[in-house]
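Colleague: Residue numbers (the numbering used here): 8 to 79.
Glycine is no exception: its CB is placed at the ideal position from the N, C-alpha and C atoms.
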């Protein structure tokens with residue numbers, strides 16, 4: 008169900024609409040749909056940019072995703 012909702016939002020975004028949503032613990036199928044990402048912690052922006060850059064960003068900060076774990 009959540010994936011269907013997100014796919015609908017993607018269709019809207021592809022029609023030059025701005026889509027902003029919040030989602031708690033998305034799975035990898037859903038995060039694959041993201042163009043850009045804003046990650047907040049305690050109300051502060053900790054990452055803003057393309058989804059593809061999030062993991063490398065945190066790795067540069069010394070925060071590696073454990074082997075066999077989904078980074079989402």
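1) According to the Cβ coordinates, are residue 38 and residue 64 closer than 8 Å?
2) Going by CA-CA distance only, name the one from 56, 50, 36 that's closest to residue 8.
3) Does the Cβ of residue 13 have 16 or more other Cβ atoms within 10 Å, making it buried, or fewer, making it exposed?
4) With a 10 Å radius around its C-beta and 16 neighbouring C-beta atoms as the bar for buried, classify residue 61 as buried or exposed.
5) To test your reading of the DSSP string, which unbroken alpha helix (DSSP H) runs of 4 or more residues are found completely within the stretch 24-78?
Modeller: If we stick to the structure as given:
1) Translated into positions along the chain shown, residue 38 becomes position 31. Translated into positions along the chain shown, residue 64 becomes position 57. In this structure, residue 64 does not lie closer than 8 Å to residue 38 by Cβ.
2) If you number the chain shown from 1, residue 8 lands on position 1. Among 56, 50, 36, the Cα nearest to that of residue 8 is on 36.
3) As a working note, residue 13 is residue 6 in the chain shown. Residue 13 is buried by the Cβ-count criterion.
4) Numbered from 1 along the chain shown, position 54 holds the residue referred to as residue 61. By the 10 Å Cβ count, residue 61 comes out buried.
5) DSSP runs (the alpha helix (DSSP H)) wholly in the stretch 24-78: 35-38, 58-67.
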